[in-house]
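Working notes for the structure below.
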Amino acid sequence: SSSSGTPGRPLVLVAGSVTVNLVGLTIVGGASAPAVVVKDSAILRFINCSFIDSPAGALKVSGEATVSVSQVIFERNSGFCGGAIQLLGGTTDISDCSITDNSATNGGAICISDHGLSPPALTIQRTSITRNVATEYGGGLFVDGSCDTHCSIELADHTHLINNEAPTGKSIHMEASSSSLAYRLPAPLGTTLRDGNVQQLHWVTYNTVDDNFPYDCAAGLYGQTYDLEAQGSPSCSGQCTIKQNHLCTS
């Protein structure tokens, strides 16, 4: 089904301790509030949905909410912090999604900040984050300074940030020097991760990533295996080599 916005309030508000499943829903447009707001200890599952052209962001999660987002399209949404998704708390799992052509001041695709009750925990798997734009920081992903060491952020299993734009941090910008995020192998085709890894987990501890992420291999170089043991080896047999403890990906 398809829905359009009502001024001043979200199309969908999930609060309290309820559990809601949304399947096959298309939301087009909106007004001065995010299209969907999930808060308190609510549980919300999206499956095969689309968020398109929401002018105040598509999804906002806060409190101790738990949100699962699977096979969802986020396209041409806009906002101040997080054109597609704003996380202020709770636990959010995103898998097999497309987050494309969204825009915001910070976090063209996704904005994460800690508003106290339950620091945000985010996992993204098998998802493309492409051509999102921030006018200030974090074209793909922006992590606010309030997160410090509190927020949990993991990208995994072929998730790829490609051709996002921002003056600072085209792919990723983490405002606090103590913030970090992890990438769990396997990585996408033709990419590499830098600075080593521990048991297929690669930590990003620098604040700004202006390249595609994981990083593109140099021209003419490529990895040759999806095997986790090989990708995690500091001296594997693939051809994509960046720095000493490189990861080879196919």
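Numbered according to the numbering used here, the sequence shown spans residues 839 to 1088. All residues carry an ideal CB built from backbone N, CA and C; glycine is no exception.
Exposed unless 16 or more other CB atoms sit within 10 angstroms - verdict on residue i
i, result
"THR857", "exposed"
"SER900", "buried"
"ASN944", "buried"
"PRO1024", "buried"
"THR987", "exposed"
"PRO1005", "exposed"
"SER956", "buried"
"ASP1049", "exposed"
"SER1016", "exposed"
"GLY1007", "buried"
"VAL1047", "buried"
Residue j beta carbon less than 8 angstroms from that of residue i
i, j, result
"GLY927", "GLY976", "no"
"ASN1002", "GLY978", "yes"
"PHE1051", "ILE1010", "yes"
"ALA873", "VAL905", "no"
"ILE937", "VAL981", "no"
"ILE890", "GLU913", "yes"
"LEU999", "ILE967", "yes"
"ALA896", "LYS877", "no"
"THR930", "LEU960", "yes"
Other residues of its chain near residue i: CB distance less than 6 angstroms, five sequence neighbours each side excluded
i, result
"SER941", "SER916, GLY921, VAL971"
"ILE932", "VAL907, ILE962, THR965"
"SER888", "THR864, ILE911"
"ASN859", "ARG883"
"LEU993", "ILE962, TYR1021"
"PRO958", "LEU925, GLY927, ILE950, CYS989"
"SER855", "SER879"
"LEU1019", "ILE991, VAL1042"
"ASP939", "GLU913, ARG914, ARG969"
"ASP875", "According to the sequence provided, residue 875 is Val. The question's Asp does not apply to it. If we look at VAL875 and ignore the five residues flanking it on each side, its Cβ neighbours are PRO848, LEU851, LYS898."
"ALA903", "VAL876, LYS877, ALA880, GLY928"
"PRO1026", "HIS996, HIS998"
"ILE923", "LEU897, ILE948"
Cβ-based neighbour list, residue i, same chain, cut-off 7 angstroms, excluding 5 preceding and 5 following
i, result
"SER984", "SER951, ASP952"
"THR973", "THR943"
"ASN1045", "HIS1011, MET1012, SER1015"
"VAL861", "ILE885, ASN886"
"PHE918", "ALA942, THR943"
Heavy atom of the ligand SAH within 7 angstroms of residue i beta-carbon
i, result
"CYS985", "Inclusion of the ligand SAH in the displayed structure is not the case, the ligand content being empty and no account of it being possible."
Neighbourhood of residue i by C-beta distance below 8 angstroms, restricted to the same chain and skipping five residues each side
i, result
"GLY818", "The structure shown does not extend to residue 818, since the chain is modelled only from 839 through 1088, so no value can be given for it."
"ASP1092", "The requested residue 1092 does not occur in the structure, where the chain is confined to residues 839 to 1088."
(request) Give, in chain order, every unbroken run of the beta strand (DSSP E) that is at least 3 residues long and sits entirely within the segment 919-969. (result) Given a length threshold of 3 residues, each whole run of the beta strand (DSSP E) inside the segment 919-969 is given here in chain order: 923-925, 929-933, 936-938, 941-944, 948-950, 959-963, 966-968.
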